[in-house]
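Counting from 1, one number per residue, gives the positions in the sequence shown under our numbering. Here the structure is laid out as structure tokens; the discussion comes afterwards.
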Amino acid sequence: MSQHQCRGPLTGMRVIDLSHVMAGPTSARMLADMGADVIKVEKADGGDDTRRMLPPDIKGEPAAYMMMNRNKRGIVLDLKKPAGRAALKRLLKDADVLIENYRHDTLDKLGLGYEALHKEFPGLIYCAVSGFGRSGPYADQGGYDLIAQGMSGLMAITGEGPGRPPVKVGSPACDITAGIIAAMAICAAYAHKLTTGEGQFVDTSLFEAGITLTYWQSAIALATSVSPGPMGSRHPLNGPYQAFETSDGYINVGASNQKMYPMLCDVLGCPELGKDPRFLTGRDRMGNLDTLIDLLNERFRKQSTEHWLKKLEAVGIPCGPVLSITEMLQHPQTRARDMVVAVEHPVAGRVETIGVPAKFSETPTEVAMPAPLYGQHTREVLTEAGFTAAEINALLAEGAAKETAPPKAAAE
């Protein structure tokens, strides 16, 4: 394990991250945050595409790249060159996991697919994150978050209501969820390896990640053969459970069960709605939801968001403001949970990033390292793998590997 790594529950796991942009790097980042020694192997022709997702940047360093690749060490290998592939295999001798998100046969053509590597490294966990998975009629198709959101049904249930254009979930939900699923699956495969010594192939996709996010809507469709449509912020099975307009913004309220709904009516000063036969049960409320929401919105619009937050919180009704991203990042609960942390970058200086979402009492995690510069750790990692200085210099001279010298300010 590198001296730079944090002490987390996955300390001792070594990951070779061949992935790029988001889904694969999300998975590798989560493993790194939990203590795994993650070595990011970037392409020799400019590295990860997020290095070119500009603006924004901080002193020339792309914010997108830094967000996705903290707590990793970075090297550059040209896998199109035999020497680059041979170097990767030497790294795999001590690795537990390889993560890649290339098209179906890209690494197979280089002799670096699962079947070839499994013969040489039977204990290796090989995780492939793709657009549609490694089987089925779409196995050879490339995939992007937008495409997966459309095909998984997410865009059909996202938006203000029926008859409106399809709307993408604001964040790259399929990319991020696929990365989370991949990290979970890798941990499961790692638990198996620790008891048996066996590696295996782990396969997930953006498409399946999108499907996973449709639990309620799929339950409805499978039970009724009717496809649910977009409902704005409403819940497809419960109400009232949505955003309401106030005099100065919006407030989210979850008061859909039999205890909370009458309490909400009392707070709003309309106790008669809590006894109205049109809205007595959950089934009644869902059957007359448009009418109910219109009546409740009339009350909410009379006061500010802050007014209603205090009233609702006082009686224990779940509620919250609708925050912008900058408001969320500054919120005291965000800060109290260390969900914004700072790390020192050798070029960008002090950089804030999103924190680690899982907390561990005995194996605490931390953001210990900034995202690597292009080729920053090439020499260090290859030296750890047993390469001599002469061998490393030969790889660099051939272009099979690349390195970046630390900035002068950092070196001094």
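Built from N, CA and C at the ideal position, the CB exists for glycine as well.
Limits of the unbroken beta strand (DSSP E) element including residue i
i    : result
V267 : Looking at the DSSP string, V267 is not in any beta strand (DSSP E); the run it does join, the alpha helix (DSSP H), is M260 to V267.
R73  : K72 to L77
Q303 : Careful: Q303 lies outside any beta strand (DSSP E) and carries neither H nor E.
E245 : Y241 to E245
N252 : Y250 to G254
A342 : V340 to H345
S130 : I125 to S130
K40  : D37 to E42
Three-state secondary structure assigned by DSSP to residue i
i    : result
G150 : helix
Q330 : helix
G320 : strand
T204 : strand
E272 : helix
A156 : helix
T291 : helix
T353 : strand
E417 : In the structure displayed, the chain extends from 1 to 412; residue 417 sits before or after that span and is not available.
R432 : Beyond the ends of the chain as shown, which are 1 and 412, falls residue 432; an answer cannot be given.
A401 : strand
D105 : coil
V97  : strand
D45  : coil
P372 : coil
P62  : strand
Minimum Cβ-Cβ distance from residue i to chain D less than 7 Å
i    : result
A116 : No chain D appears in this structure, which consists of one protein chain only.
Residue of the options minimising C-alpha distance to residue i
i    : options                   : result
R103 : D266, P372 and G143       : G143
V347 : L292, A371, D203 and G123 : A371
K402 : K275, E42 and R278        : E42
V226 : L107, A156, V253 and V341 : A156
A116 : K89, V343, D266 and G136  : K89
G161 : A389, V315, A83 and R234  : R234
L77  : A389, L382 and A390       : L382
M68  : L92, D96, K80 and D17     : D17
I186 : I176, G199 and V343       : G199
A189 : K168, A221, G136 and P122 : P122
I496 : C174, I99 and A368        : Since the first and last residues shown for the chain are 1 and 412, residue 496 lies out of range.
E398 : G179, N297 and P82        : P82
I58  : E100, R350 and L273       : R350
I180 : V356, D105 and T363       : V356
Buried or exposed (CB count within 10 angstroms, at least 16 for buried), residue i
i    : result
L54  : exposed
Y215 : exposed
H20  : buried
S324 : exposed
Q333 : exposed
T291 : exposed
Q376 : buried
L395 : buried
Q330 : exposed
K40  : buried
I392 : buried
S152 : buried
Residue span of the alpha helix (DSSP H) that contains residue i, given as start and end
i    : result
A358 : Run containing A358: none; DSSP gives neither H nor E here.
K193 : A173 to T196
R14  : Unbroken run through R14 is the beta strand (DSSP E), R14 to D17; no alpha helix (DSSP H).
V381 : T378 to E384
D140 : Per DSSP, D140 belongs to no alpha helix (DSSP H) and is neither H nor E.
M30  : A23 to D33
The segment 26-45 touching the segment 103-114, judged by at least three CB pairs closer than 8 Å: no
Contact the segment 231-249 vs the segment 192-211: 3+ CB pairs below 8 Å: no
The segment 253-261 contacting the segment 187-199, beta-carbon criterion three pairs below 8 Å: no
Contact between the segment 57-76 and the segment 32-39 (3+ Cβ pairs under 8 Å): yes
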